[in-house]
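Below: the structure, in structure tokens.
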Amino acid sequence: MGRSSAKRKAAGASTAAVTSLLARFAHALPSCIVFDLDYTLWPFWCEMYTAADSPSLYPDVPAILDGLGARGVLLALASRTPTPHVANAFIDKLDLRHRFCSVQLIPAADGFDQHSAQKDKAHLPNIQREIGLPYSSLLFFDDERGNVQKVAALGVTSILVSTSTGVSLQSLEQGLQEFADRQVAGS
């Protein structure tokens, strides 16, 4: 299931590698990390499948979610999809729902739609209201440059991920470093 023909690693990041990375940034972890779904946590567009299909995550994602959860970092989902019922089914099949304090699956028209809900106008404001934390305490990952730029304009540290790897140990490190740098610059 995916648009990239590049080979993916057979095994993802180890729990030890994620734990070590998070320990390095323990002084400046975000209060909440917000993830897109398609080509960020999983390697496909969910609208290309049915709720009966068997989804998978990018290799590094399970250890990353485990490590962040163990550190007490809140996690949230922000996805614009024409098939929220498929996204919800996949979230449940992968036993992810309990990990997230907010799940914002906002319907879109077929595929990308300029007029549907945008992450900076709907998803992130909804999450911010639900958790009651300032945008400056959030870290956001997405595979679409436009979403990353718009959410960054809200004051959220925002990271563009590669569609071949999604959220990886490397992109997590980049996000944590940029978040920590912004915290130092803002103090």
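In mature numbering (1 follows the signal peptide of the UniProt record, and there is no 0), the protein residues as written are -28 to -1, 1 to 159. Glycine is no exception: its CB is placed at the ideal position from the N, C-alpha and C atoms. Just so it is clear, the structure is predicted and the values come from calculations on it, not from any experiment.
3 or more residues per run - each beta strand (DSSP E) lying fully within the stretch 31 to 71: 46 to 53, all fully within the stretch 31 to 71.
Three-way DSSP call (helix, strand, coil) for Asn98 in this model: In this structure, DSSP gives Asn98 a helical state, which the three-state scheme calls helix.
Contact belief for Asp115 with Asp32 at Cβ below 8 angstroms, rounded distance in angstroms: The pair is not a contact, with the Cβ atoms about 14 angstroms apart (cut-off 8 angstroms).
Residues near Thr55 by beta carbon distance below 7 angstroms, same chain, minus five either side: Only Cys18, Glu19 meet the Cβ criterion.
Cβ-based burial, Thr137 [other Cβ within 10 Å; buried from 16]: Thr137 is buried by the Cβ-count criterion.
Cutoff 7 angstroms: Ser51 Cβ touching any chain C Cβ: The structure shown contains no chain C, having only a single protein chain.
Per DSSP, cross-strand counterpart(s) of Ile79: The sequence as given places Pro at residue 79; Ile does not occur at that position. Under DSSP, Pro79 takes part in a beta bridge, and its partners are Thr53.
Length of the line joining the Cα atoms of Ala124 and Ala(-16): Take the alpha-carbon of Ala124 and the one of Ala(-16): they are about 27 angstroms apart.
Cys73 in three-state terms, based on DSSP: Judged by DSSP in its simplified three-state form, Cys73 adopts coil rather than helix or strand.
Helix, strand or coil at Leu148 [DSSP, three-state]: Helix.
Residues near Ser130 by beta carbon distance below 6 angstroms, same chain, minus five either side: Within the same chain, and ignoring the five residues on either side of Ser130 in sequence, the residues whose Cβ sits closer than 6 angstroms to its Cβ are Phe112, Val120, Val123, Ala124.
N-terminal and C-terminal residue of the alpha helix (DSSP H) that Ser(-9) is part of: Segment -14 to -5, the alpha helix (DSSP H) holding Ser(-9).
Closest by C-alpha distance to Val6, when choosing among Val133, Ala157, Ala24: In terms of Cα proximity to Val6, the closest of Val133, Ala157, Ala24 is Val133.
Classification of Ser140 by the beta-carbon crowding that lies within 10 angstroms, buried from 16 upward: Per the 10 Å Cβ criterion, buried.
Nearest-angstrom beta carbon gap, Val75 and Leu37 [assumed within contact, 8 angstroms]: In this structure, Leu37 and Val75 do not form a Cβ contact; the two beta carbons are roughly 14 angstroms apart against a cut-off of 8 angstroms.
Bridge partners - Asp114, DSSP secondary structure assignment: For Asp114, which the question treats as bridged, DSSP gives the partners Leu132.
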